[in-house]
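A short write-up of the structure that comes next.
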Amino acid sequence: MAPYETDDSTDTGERDELRAGRRRAARYIVPVTVVGVAAATIGLVPALADSGDPNLPKITAQQLIDKVAKSDVQQLSGTVKISTDLGLPDLGGLESSMLSGATKSGDGSSADPTAKLTELATGTHTLRVAADGPDKQKVSLLENAAEYSLIHNGKDVWGYDSQSNEVYHGTTAADSSKSDETRATPKGLTDEALKSVDDTTSVTVDGTEHVAGRDAYKLLIKPKQSGTTVGAISIAVDAKTGLPLKFTLTPASGGAAVVDVGFTQLSLAKPAASTFDFKVPKGAKVTTEDSAKKATPDHSAPFGKNDKTDKTDKGLGKGADDPTVLGKGWNSIAVLETGGQGIPSGSSSGGGDLGGFLSSLGDQVKGSFGSGTVYSTRLINALVTDDGKVYVGAVTKSALVKAADAAK
Amino acid sequence: MSQAEVLRRVSPLWTFGLLRSELVTTFRRWRTLALLGVLAAVPILVGIAVKLETQDGAGPGRGDGGGGPAFIAQITNNGLFLVFTALAATLPFFLPMAIGVVAGDAIAGEASGGTLRYLLVAPAGRTRLLLTKYATVMTFCVVATLVVALSALTVGALLFPLGDLTTISGTQISFTEGLGRALLIALVVAASLTGIAALGLFISTMTSSGIAAMATTVGLLITVQILDQIPQLHALQPYFFSHYWLSFADLMREPVYWDDLVKNLGLQALYVAVFGSAAWARFTAKDITA
Chain A
61 MAPYETDDST DTGERDELRA GRRRAARYIV PVTVVGVAAA TIGLVPALAD SGDPNLPKIT
121 AQQLIDKVAK SDVQQLSGTV KISTDLGLPD LGGLESSMLS GATKSGDGSS ADPTAKLTEL
181 ATGTHTLRVA ADGPDKQKVS LLENAAEYSL IHNGKDVWGY DSQSNEVYHG TTAADSSKSD
241 ETRATPKGLT DEALKSVDDT TSVTVDGTEH VAGRDAYKLL IKPKQSGTTV GAISIAVDAK
301 TGLPLKFTLT PASGGAAVVD VGFTQLSLAK PAASTFDFKV PKGAKVTTED SAKKATPDHS
361 APFGKNDKTD KTDKGLGKGA DDPTVLGKGW NSIAVLETGG QGIPSGSSSG GGDLGGFLSS
421 LGDQVKGSFG SGTVYSTRLI NALVTDDGKV YVGAVTKSAL VKAADAAK
Chain B
58 MSQAEVLRRV SPLWTFGLLR SELVTTFRRW RTLALLGVLA AVPILVGIAV KLETQDGAGP
118 GRGDGGGGPA FIAQITNNGL FLVFTALAAT LPFFLPMAIG VVAGDAIAGE ASGGTLRYLL
178 VAPAGRTRLL LTKYATVMTF CVVATLVVAL SALTVGALLF PLGDLTTISG TQISFTEGLG
238 RALLIALVVA ASLTGIAALG LFISTMTSSG IAAMATTVGL LITVQILDQI PQLHALQPYF
298 FSHYWLSFAD LMREPVYWDD LVKNLGLQAL YVAVFGSAAW ARFTAKDITA
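As given, the protein sequences belong to chains A and B, one line each in that order.
Following my numbering, the numbering of the first sequence begins with 61 at its first residue and continues without gaps.
Following my numbering, the numbering of the second sequence begins with 58 at its first residue and continues without gaps.
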């Protein structure tokens, strides 16, 4: 026997060799089994964890809405996942570089909350939220090896962008942008949605579900009117505290949710006090609110993304800067006068290349109002006429054109 | 009979003897030392570059929106961040490449050198030899990561101030806790490399050419890194061994965000189990001809 033969294949003879060959092949069962077990675990564990909906006492829609209204959760910390799929053309880095270019040109800080908020308008993001009473809140946007935190402690509002090590400082008295960030939580969105509940809306309780390990009722809000692009809004409300845990907006056209915001993890314990302490890190560039205001004169001016968030607000039934509103309920259409200059009609006034680029993204339409361009997303459609009027709403394209015709 | 008993009693110690001789052989190789030297040089280069860049007082990454490896904007304010930057810079390529070279060489190198049969003459058994080889590669993972971390810490301490540091969530932690986190991060980075180490060992049992095994391992690494960048493959990407590598940065959040870290460690454990057992199946049944 040669010394280098293995200890377990010492047999000689043909029959033994065959057996050894079989034993050899049998060894590969081990890695194959490991792969199989892993695949089964990955496939089965979520299915097992999702062990049916919780049994909760029956409740009427009105009782549930009251529960949400009365909900007074002061202390919480958790993780929120936000997925937005407005069906906008995916410009990826181009869009954000355009945006950062726009803010940079005004010497704005990347730690400015308004600049960061616009990032939430596309894709999937993970936020961490913590709150301890009305004076202490923190929202952090988790990025790749970086984080953007917005901390409200007492009268101070700090924005910290760890990637660029820049700090934004404001005070609560004057700072309105803070509410924009908190509006991105399920609670904020639910408040907006419930504001729009009137006779054009049907509200029902649609069973129960588990969200972030908690039992929750599902509140279903559906527009009764036709012509809107909103299919339904589904809100998971915590059975114990009445805190909205999950907010899902599905478009009438079907498919994936346009907005899906929900807690993936939630604790109602008091967060550590140090969470809300913020000291300006050494060497960080600090932008205070006043100088930021001066430096970036008009936030609504830059293209694309800022518009989107405004539109989203309107879609939830909240007029932003007092525009004229046509129609009622879900079919409301906001009309904005941009002052004779349509952004996108391809003329150089719209910002050179960008103007032409923007108009290529829309569809040209004509009607008795004249002609214009329709920009459509899965939720919001906007008609920009060549004479500079903008019609925006969570309504179908034809409803926009009809409204424009009627307004003429 | 008594002789056999002596042998049996000695055998567990013998495993350590085998491991020790393997470690000594591996770390005495010029190739290994050169790899460690390259790894140690990366933080030095990054440190000097940041120092030169910021001598006029401006922070790095300003104006370009904070490009470059993670944490690079904070280095000038706290040298400890150089540890994180250096690990973030070496983890995608330098570290796994070094691991690939050592792991790929583990069995195939012995085979091509004609020394494998002599290793097997010793009454260690193939399984134990394989385990010893894998333990050696894992040790190299830890040593390589620590070399990067220590080199970065030294350079960071020499060139930049140290002190309390700000986590990426904006909260402050003490320097001691920062050091603790740096050590934890180094260990997580080392653990992130166990997957490719097992893969390299498996490839190493497939061939008798050390060069072929190294090239295949490093080639696979590059391929996976490229595939991980292609958005159309997003359904597959969570199963790539490199997908969650940079999740170690989550240890710098306050509180620590564990989701991706746990996914990373679980994925590495899966790779170790699959390719470790595949390497065992291959190696214990292989005809050793060289």
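Quick reminder that beta carbons are idealized off the backbone N, C-alpha and C, glycines included.
Excluding the 5 residues preceding and the 5 following residue i in the sequence, name in chain order all residues of the same chain whose CB lies nearer than 6 Å to its CB.
| i | result |
| --- | --- |
| B:Thr202 | Ala243, Val246, Ala247 |
| B:Val140 | Ala206, Ala209, Leu210, Ala239 |
| A:Ser156 | Reliability fails at A:Ser156, whose pLDDT of 45 lies under 50, so the model's placement of it is uncertain and no value is given. |
| B:Arg339 | Thr262 |
| A:Ala459 | Gly287 |
| B:Ala255 | Tyr328, Val329, Phe332, Gly333 |
| B:Leu109 | none |
| A:Gly230 | Val217, Glu349 |
| A:Leu210 | Pro173, Val199, Gly219, Glu241 |
Report yes if the CB atom of residue i is closer than 7 Å to the CB atom of residue j, and no otherwise.
| i | j | result |
| --- | --- | --- |
| A:Pro114 | A:Asp275 | yes |
| B:Thr264 | B:Ala155 | no |
| A:Val271 | A:Ala296 | yes |
| A:Asn391 | A:Val290 | no |
| B:Ser334 | A:Val94 | yes |
| A:Gly343 | B:Thr111 | no |
| A:Gly432 | A:Asp446 | yes |
| B:Gly213 | B:Leu222 | no |
| A:Lys457 | A:Val434 | yes |
| A:Thr335 | A:Ala190 | yes |
| B:Ala163 | B:Leu258 | yes |
| B:Ser169 | B:Ser266 | yes |
| B:Val178 | B:Ala143 | no |
For residue i, which residues in chain B fall below 7 Å Cβ to Cβ?
| i | result |
| --- | --- |
| A:Pro341 | Asn134, Thr223 |
What does residue i touch in chain B if you count any residue whose Cβ is under 8 Å from its own?
| i | result |
| --- | --- |
| A:Asp337 | Thr228, Gln229 |
| A:Ile211 | Gly227 |
| A:Ala98 | Leu327, Ala330, Val331 |
In angstroms with no decimal places, state the Cα-to-Cα distance between residue i and residue j.
| i | j | result |
| --- | --- | --- |
| B:Thr147 | B:Leu250 | 12 Å |
| A:His185 | B:Pro295 | 17 Å |
| A:Ser407 | A:Gly422 | A caution first: A:Ser407 carries a pLDDT of 42, below 50, which makes its placement in the model too unreliable to give a value. |
| A:Gly81 | A:Ile102 | 33 Å |
| B:Ala130 | A:Asn225 | 6 Å |
| A:Leu154 | B:Tyr301 | With a pLDDT of only 45 at A:Leu154, under the threshold of 50, the placement of this residue in the model should not be trusted; the figure read from the coordinates follows. Cα-Cα distance, rounded: 25 Å. |
| A:Ser239 | A:Ser222 | Because the pLDDT at A:Ser239 is just 49, under 50, the model does not fix this residue reliably, and the value given afterwards should be weighed accordingly. Near 21 Å, if we compare the C-alpha coordinates of A:Ser222 and A:Ser239. |
| A:Ile403 | A:Thr178 | Interpretation of A:Ile403 is limited by its pLDDT of 48, a score under 50 that renders its predicted location unreliable; no figure is taken from the coordinates. |
| A:Gly503 | B:Val319 | Nothing about residue 503 of chain A can be read from this structure; chain A reaches only from 61 to 468. |
| B:Ala145 | B:Leu293 | 23 Å |
| B:Leu324 | B:Asp317 | 10 Å |
| A:Leu180 | A:Lys118 | 36 Å |
| B:Leu188 | B:Thr72 | 10 Å |
| A:Thr310 | A:Leu187 | 21 Å |
Chain A partners of residue i, CB-CB under 7 Å?
| i | result |
| --- | --- |
| B:Ser334 | Val90, Pro91, Val94 |
| B:Ala306 | Ala205 |
| B:Arg310 | Glu207 |
| B:Val331 | Pro91, Val94, Val95 |
| B:Gln131 | Asn225 |
| B:Tyr314 | Leu202 |
Which residues in the same chain as residue i place their Cβ atom closer than 7 Å to its Cβ, once the five residues preceding and following it in sequence are excluded?
| i | result |
| --- | --- |
| B:Met309 | Phe141, Thr224, Ile225, Arg238 |
| B:Asp121 | Annotation note: pLDDT 43 at B:Asp121 (below 50); position unreliable, coordinate value reported separately. For B:Asp121, where only same-chain residues beyond five positions count, there are no Cβ hits under 7 Å. |
| B:Ile39 | Lying before the first or after the last residue shown, residue 39 of chain B is absent from chain B, which here runs from 58 to 347. |
| A:Val346 | Val227, His229, Val340 |
| A:Ala312 | Thr288, Thr289, Val290, Gly291 |
Run through chain A and tell me which residues come within less than 8 Å of residue i, C-beta to C-beta.
| i | result |
| --- | --- |
| B:Phe298 | None at all; the shortest Cβ gap to chain A is about 13 Å. |
| B:Gln325 | Near B:Gln325 there are no residues of chain A at all, since even the closest Cβ is about 12 Å away, more than 8 Å. |
So which residues of chain A does residue i contact, with C-beta pairs closer than 9 Å?
| i | result |
| --- | --- |
| B:Tyr301 | The premise fails here: B:Tyr301 is roughly 12 Å from chain A at the closest Cβ pair, so nothing lies under 9 Å. |
| B:Ala127 | Asn204, Ala205, Ala206, Gln223 |
Skipping 5 residues on each side, what residues in its chain have a beta carbon closer than 8 Å to that of residue i?
| i | result |
| --- | --- |
| A:Gln285 | Thr260, Gly389, Trp390, Asn391 |
| A:Gly152 | Only weak support exists for where A:Gly152 lies, its pLDDT of 45 falling under 50; the value from the coordinates is given anyway. None. |
| A:Asp337 | Asn213 |
| A:Leu116 | Thr268, Asp275, Tyr277, Ala299 |
Requested in this report: State whether the stretch 175-185 of chain B contacts the stretch 98-108 of chain B, with contact taken as three or more CB pairs (one from each stretch) at a distance under 8 Å.
Outcome: Counting Cβ pairs under 8 Å, fewer than three are found: no touch.
Query raised in the report: Between the stretch 299-319 of chain A and the stretch 122-137 of chain A, do at least 3 Cβ pairs fall closer than 8 Å?
Result: By the C-beta criterion, the stretch 299-319 of chain A is judged to be in contact with the stretch 122-137 of chain A, since at least 3 inter-stretch pairs fall below 8 Å.
Query raised in the report: Does the count of Cβ pairs from the stretch 307-323 of chain A and the stretch 431-446 of chain A closer than 8 Å reach three?
Result: Flag = yes, the stretch 307-323 of chain A and the stretch 431-446 of chain A touch.
**Report entry** the stretch 264-273 of chain B touching the stretch 193-201 of chain B, judged by at least three CB pairs closer than 8 Å
**Finding:** With contact defined as three or more Cβ pairs closer than 8 Å, the stretch 264-273 of chain B and the stretch 193-201 of chain B are not in contact.
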